[in-house]
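Visitor: Numbering (this note's numbering), first residue to last: 3 to 271.
Think of the CB as a built atom: it goes at the ideal place given N, C-alpha and C, for glycine as much as any other residue.
The model shown is predicted, which means the values in this text are computed figures rather than measured ones.
1. When you compare the CB of residue 128 with every CB in chain C, is at least one pair closer than 7 Å?
2. Would residue 181 and residue 232 be called neighbours here (beta carbons separated by less than 7 Å)?
3. For residue 183, is the classification buried or exposed, using 16 other Cβ atoms within 10 angstroms of its Cβ as the cut-off for buried?
4. Which of helix, strand or coil does DSSP assign to residue 224?
5. Cα separation between residue 136 and residue 204?
6. Using a threshold of 7 Å, state whether the C-beta atoms of residue 91 and residue 83 are closer than that.
7. With C-beta atoms as the reference, is residue 229 less than 7 Å away from residue 266?
8. Hey, how far is the Cα of residue 42 from the Cα of residue 118?
9. What are the uninterrupted segments assigned as alpha helix (DSSP H) that are 4 or more residues long and contained completely in the region 39 to 71, given in chain order?
10. Just to check my reading of the structure: residue 225 and residue 145 have Cβ atoms closer than 8 Å, yes? What is that Cβ distance to the nearest angstrom?
11. Which residues mark the beginning and the end of the alpha helix (DSSP H) in which residue 272 is found?
12. May I have the straight-line CA-CA distance separating residue 138 from residue 195, to the nearest angstrom?
13. Please check the pair residue 44 and residue 115, which I expect to be a contact at CB under 8 Å, by giving their CB distance rounded to whole angstroms.
14. Please report the Cβ distance between residue 255 and residue 240, rounded to the nearest whole angstrom; I am assuming they are in contact, meaning their Cβ atoms lie under 8 Å.
15. When we look at the beta-carbon of residue 249 and count the other beta-carbons within 10 Å, is it buried (16 or more) or exposed?
16. Could you check the C-alpha separation between residue 234 and residue 140 for me, to the nearest Å?
17. Check this for me: beta carbons of residue 172 and residue 163, under 7 Å apart or not?
18. Between residue 156 and residue 210, which are expected to be in contact by the criterion C-beta below 8 Å, what is the C-beta distance as a whole number of angstroms?
19. What's the gap between the Cα of residue 268 and the Cα of residue 158?
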């Protein structure tokens, strides 16, 4: 996501001791992944905006070597890895520009999408620049969109994935809550605005989880893994507003990709 088209959550996924990726378990997992053809789709939360270390060949898509898809591929050594996620992508962009990377041979697909469609760039711009009342109104407008329009758009994406890769395991990842309410931020948005933004993220995730489940896809909630690392905590895994690099604002840092998204992806892949 870009801030100009922003895509931008609650259980943490824990592996039982018998499945811990250490020793023989790690070797077995790597061996299994070597038979996997993996395609990463989606928006900037999957491309890795905010994590740095961008592939110059990816241009404005800003695919990062520190994004969770690249980290998972580096750890698991799949047979093939196609990194198609792109900053700013909406559901229509995934359909028109990313699904072509899928095939009948694809075994694993990951995706984050929906935040740009719901207008969260405009939500954050409104909340930052226009105050609490305008923020709440804009958040409610986004929630209405999630109710009325987004489910059909997600269905189109998921139907497209199924048509291209009928046997693939599909992991649909959500978005984190942005703020720790009552946290360490001394200036900026009111806690009422922050709570509304967090609630909208939860609302988007719930709608996405429902559509994913109806298509037989796994939904991976990341809110738990980001808990304690939101904006307004001592160790945030999300960029706050950065006037020097607007595009990275409200996106996961490299630590957010490796500590927030990667473990959840690994638990589902």
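Guide: According to the structure shown:
1. Here chain C cannot be found, since the structure has a single protein chain.
2. yes
3. exposed
4. coil
5. 20 Å
6. no
7. no
8. 17 Å
9. 46 to 49
10. Actually they are not in contact, since the Cβ atoms of residue 225 and residue 145 sit about 17 Å apart, beyond 8 Å.
11. One cannot answer for residue 272 here, as it falls past the ends of the chain, which runs 3 to 271.
12. 7 Å
13. 5 Å
14. 7 Å
15. buried
16. 22 Å
17. yes
18. 6 Å
19. 26 Å
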